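Line by line, the protein sequences give chains A and B. Per this note's numbering, residue 336 is the first one in the first sequence, and the count goes up by one each step. Per this note's numbering, residue 336 is the first one in the second sequence, and the count goes up by one each step. Built from N, CA and C at the ideal position, the CB exists for glycine as well. Just so you know, these numbers come straight off a predicted model, no measurement behind them. Here is the structure we will look at, set down as structure tokens.
2 protein chains.
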Amino acid sequence: MIFCGAIRFMLQESHSSPTFSPLYRQIKSLILQGLESGEWRPGEAIPSETELAVRFGVSQGTVRKAIDEMAAENLLIRRQGKGTYVASHNDADQRAKFRFLRLIPESGTLDSPQSQPLEFWRAKAGQEASRILGIKLGAPITIIRRLLKFAAKPVVIDEIYLPGEVFVGLSLEMLQEHRGSFYGLLESQFGVRMIRAEEHLRAVAADRANAALLAVAEGTPLLSVERVSYTYGDRPVEWRRGLYLTAEHYYLNELG
Amino acid sequence: MIFCGAIRFMLQESHSSPTFSPLYRQIKSLILQGLESGEWRPGEAIPSETELAVRFGVSQGTVRKAIDEMAAENLLIRRQGKGTYVASHNDADQRAKFRFLRLIPESGTLDSPQSQPLEFWRAKAGQEASRILGIKLGAPITIIRRLLKFAAKPVVIDEIYLPGEVFVGLSLEMLQEHRGSFYGLLESQFGVRMIRAEEHLRAVAADRANAALLAVAEGTPLLSVERVSYTYGDRPVEWRRGLYLTAEHYYLNELG
DNA sequence: AAGTGGTCTAGACCACGAG
DNA sequence: TCGTGGTCTAGACCACTTC
Chain A
336 MIFCGAIRFM LQESHSSPTF SPLYRQIKSL ILQGLESGEW RPGEAIPSET
386 ELAVRFGVSQ GTVRKAIDEM AAENLLIRRQ GKGTYVASHN DADQRAKFRF
436 LRLIPESGTL DSPQSQPLEF WRAKAGQEAS RILGIKLGAP ITIIRRLLKF
486 AAKPVVIDEI YLPGEVFVGL SLEMLQEHRG SFYGLLESQF GVRMIRAEEH
536 LRAVAADRAN AALLAVAEGT PLLSVERVSY TYGDRPVEWR RGLYLTAEHY
586 YLNELG
Chain B
336 MIFCGAIRFM LQESHSSPTF SPLYRQIKSL ILQGLESGEW RPGEAIPSET
386 ELAVRFGVSQ GTVRKAIDEM AAENLLIRRQ GKGTYVASHN DADQRAKFRF
436 LRLIPESGTL DSPQSQPLEF WRAKAGQEAS RILGIKLGAP ITIIRRLLKF
486 AAKPVVIDEI YLPGEVFVGL SLEMLQEHRG SFYGLLESQF GVRMIRAEEH
536 LRAVAADRAN AALLAVAEGT PLLSVERVSY TYGDRPVEWR RGLYLTAEHY
586 YLNELG
């Protein structure tokens, strides 16, 4: 607490600076640093608004505005009366667990998918993987193929590309033993939290192998979902391609 | 201005009310009423924050919070130094014009699609249309079929269902003559502004007729996009089904 | 210079959760 | 009862746009 009030002077003072950003954004990036550095881990509470205000030497309202933005970006979760928490893919909330999965059963009940790993191997990044993941050509990558089942029926085939240097020690056993979502595992085991993702959707025809896995005829139209996921600092750390069988499910998207 | 300060007493005073909502939300719904009633039309400026604060008998900060939320919902657009404007599908901004179209060309240049009306007829609402559009069975509906071309190539077939009682007088000529987006036309000609939409995506096979229109082989996988669009008060006013050819385009979705 | 939205502050009080 | 986030206020000053 020696620094109380002192940090204020380290913040940008001048409005005429060419790289000017408002105080609450500077506070925001300070809190972000705390998240990236692991000072506050997913699921934990960060200090109260008043405490952060004292620490950073600004008013409580300024801290509040910084936290408001981060809550809107799903980085933090506010709980009235309790505190502000670091968002996690391991929350009790089921919606948080499969936040990035937009596949909905045609008729009614939304049950959690069950993951069945098919293959797991290591390789070297080719042109496309190195470009998309922002790693060197030939850098180690880990590839996972898996099947997702809804109500015991196979519906999704995923092929997941991960930069090997980020997820060292990931193994097939970890995937098989893990309960919960894939991103929850990456978060708790490797400290890498997925913040946002970008998906490219296309309609494609099932080839022989994938058709067999999904128990449909070769050539059946499938929804191809290519996803790149990003962690703090917009750093890409996952590239995957999903093939969705949309006979009894649909992909839901809300347009604002 | 006779009512200055008086309206304040019409707002909810008690926090113990079972239907309690904070003051800024009440202000928000008052502004919303102004939008719905057409007091402020799309593209126009609403009164300044200070003026609204006086009119509603609350502080400027409370009005500000109400407007903040509405700007986040794309209902209003703030312009520093100028004022706050009602959002419109006819904005100069190209992004606003095709806000709901997520189809991106595979390679580079994003040019505006060109719409070519194919068919236009009136019918009576069946089971599905009446359920989705929230109108009576047998109520009049208007159906439009059209082709969307990117760079002179046919890429999208749309079939659009509109409640006839909302869009009386809509004609094929209006569609042919109109420059700009379809929603821009509905907004300027019928005063109905689309706020949000919900899309259900599936992969399907092209039938003979649609394959011919898109100049592809019968059975080619297409992206089926069913959309329900809502205006103020979450009232559904459009149901459409699009068939997207995703050979040289993809559907982009951002996951937060 | 005037008017608009944008930022920042300080303080009051309310609602919620936990002990 | 206490500490947390949530709401509301009043006032100061800054930045941008227009005149």
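Based on Cα-Cα distance, which residue from the options lies nearest to residue i?
i: B/GLU408; options: B/ARG537, B/TYR496 and B/ALA532; result: B/ALA532
i: B/GLY526; options: B/ALA427, B/SER465 and B/VAL503; result: B/VAL503
i: B/LEU472; options: B/GLU386, B/ALA464 and B/LEU557; result: B/ALA464
i: B/GLN524; options: B/LEU510, B/ALA544 and B/ASN588; result: B/LEU510
i: B/GLU379; options: B/ARG413, B/SER356, B/GLY392 and B/PHE355; result: B/ARG413
i: B/GLN451; options: B/PHE433, B/MET405, B/PHE485 and B/HIS424; result: B/PHE485
i: B/LEU468; options: B/VAL501, B/ILE439 and B/SER506; result: B/VAL501
i: B/ALA582; options: B/LEU438, B/ALA544 and B/ARG481; result: B/LEU438
i: A/LEU482; options: A/PHE435, A/ARG360, A/PHE391 and A/ARG576; result: A/ARG576
i: A/ARG390; options: A/ILE362, A/TYR579, A/MET405 and A/ALA540; result: A/ILE362
i: A/TRP574; options: A/LEU590, A/LEU557 and A/GLU534; result: A/GLU534
i: B/GLN449; options: B/ASP493, B/PRO475 and B/ARG528; result: B/ASP493
i: A/THR477; options: A/PRO498, A/GLU553, A/VAL393 and A/PRO382; result: A/PRO498
i: B/SER506; options: B/LYS432, B/GLU404, B/ARG480 and B/ALA406; result: B/ARG480
i: B/ARG430; options: B/ASP542, B/ALA544, B/GLY519 and B/GLU561; result: B/GLY519
i: B/SER564; options: B/SER423, B/ARG528, B/GLY591 and B/LEU558; result: B/ARG528
i: B/LEU370; options: B/ALA388, B/ILE402, B/GLU386 and B/GLY392; result: B/ILE402
i: A/ARG562; options: A/ASP428, A/PHE435, A/SER356 and A/ARG399; result: A/PHE435
i: B/LEU580; options: B/GLU374, B/LEU587 and B/ALA541; result: B/ALA541
i: A/ARG360; options: A/VAL393, A/ASP428, A/TRP375 and A/ALA552; result: A/VAL393
Residues of chain A with CB under 9 Å from residue i, in chain order?
i: B/GLU408; result: GLY591
So residue i packs on residue j, CB below 8 Å; how close in whole Å?
i: A/LEU358; j: A/THR397; result: 6 Å
i: A/TYR496; j: B/ARG537; result: The pair is not a contact, with the Cβ atoms about 26 Å apart (cut-off 8 Å).
i: B/GLN395; j: B/GLU384; result: 5 Å
i: B/VAL539; j: A/PRO440; result: About 18 Å; that fails the 8 Å criterion.
i: A/ILE530; j: A/LEU411; result: Actually they are not in contact, since the Cβ atoms of A/ILE530 and A/LEU411 sit about 11 Å apart, beyond 8 Å.
i: B/SER559; j: B/LEU578; result: 6 Å
i: A/PRO377; j: A/ASN425; result: 7 Å
i: A/GLU522; j: A/SER372; result: With a Cβ gap of about 15 Å, A/GLU522 and A/SER372 do not count as contacting.
Closer than 7 Å by beta-carbon distance: list the chain A residues that pair up with residue i, in chain order.
i: B/ASN588; result: GLU534, LEU536 and ASN588
i: B/THR581; result: ARG537 and ALA538
Can you pull the chain B residues whose beta carbon is under 7 Å from the beta carbon of residue i, in chain order?
i: A/PRO556; result: ALA538, VAL539, ALA540 and PRO556
i: A/TYR585; result: HIS535, LEU536 and ARG537
i: A/PHE355; result: The premise fails here: A/PHE355 is roughly 14 Å from chain B at the closest Cβ pair, so nothing lies under 7 Å.
Please compile the residues from chain B whose C-beta is within a distance smaller than 8 Å of the C-beta of residue i.
i: A/THR566; result: The premise fails here: A/THR566 is roughly 13 Å from chain B at the closest Cβ pair, so nothing lies under 8 Å.
Can you pull the chain A neighbours of residue i, defined as C-beta to C-beta under 8 Å?
i: B/THR385; result: In chain order: nothing, as chain A lies at least about 19 Å away.
i: B/ARG531; result: GLU589, LEU590 and GLY591
Which chain B residues are close to residue i, counting only those with a beta carbon under 9 Å from its beta carbon?
i: A/PHE435; result: LEU590
Note to self: Check whether the segment 562–576 of chain B and the segment 503–519 of chain A touch, using three or more Cβ-Cβ pairs below 8 Å as the test.
What the structure shows: By the criterion of at least three beta-carbon pairs nearer than 8 Å, the segment 562–576 of chain B is not in contact with the segment 503–519 of chain A.
Item checked: the segment 453–461 of chain A / the segment 414–422 of chain A touching (three or more Cβ pairs under 8 Å) -> Between the segment 453–461 of chain A and the segment 414–422 of chain A there are fewer than three C-beta pairs closer than 8 Å, too few to call the two in contact.
Next item on the list: Mind listing, in chain order, the continuous beta strand (DSSP E) runs of no fewer than 3 residues lying wholly within the segment 398–431 of chain B?
Entry: Qualifying beta strand (DSSP E) stretches, in chain order: 411–414 and 418–421.
Notebook entry, point to check: Touching or not, the segment 457–473 of chain A and the segment 433–447 of chain A, by the rule of three or more beta carbon pairs under 8 Å?
Noted result: With a cut-off of 8 Å on Cβ pairs, the segment 457–473 of chain A is not in contact with the segment 433–447 of chain A, counting fewer than three such pairs.
Note to self: Under 8 Å, with one C-beta from each stretch per pair, do the segment 544–555 of chain B and the segment 475–495 of chain B reach the 3-pair mark?
What the structure shows: Output reads yes: the segment 475–495 of chain B touches the segment 544–555 of chain B.
Item checked: Every unbroken alpha helix (DSSP H) inside the segment 484–545 of chain B [4 residues or more] -> Along the segment 484–545 of chain B, the alpha helix (DSSP H) occurs as fully enclosed runs of 4 or more residues at 507–512 and 517–525, listed in sequence order.
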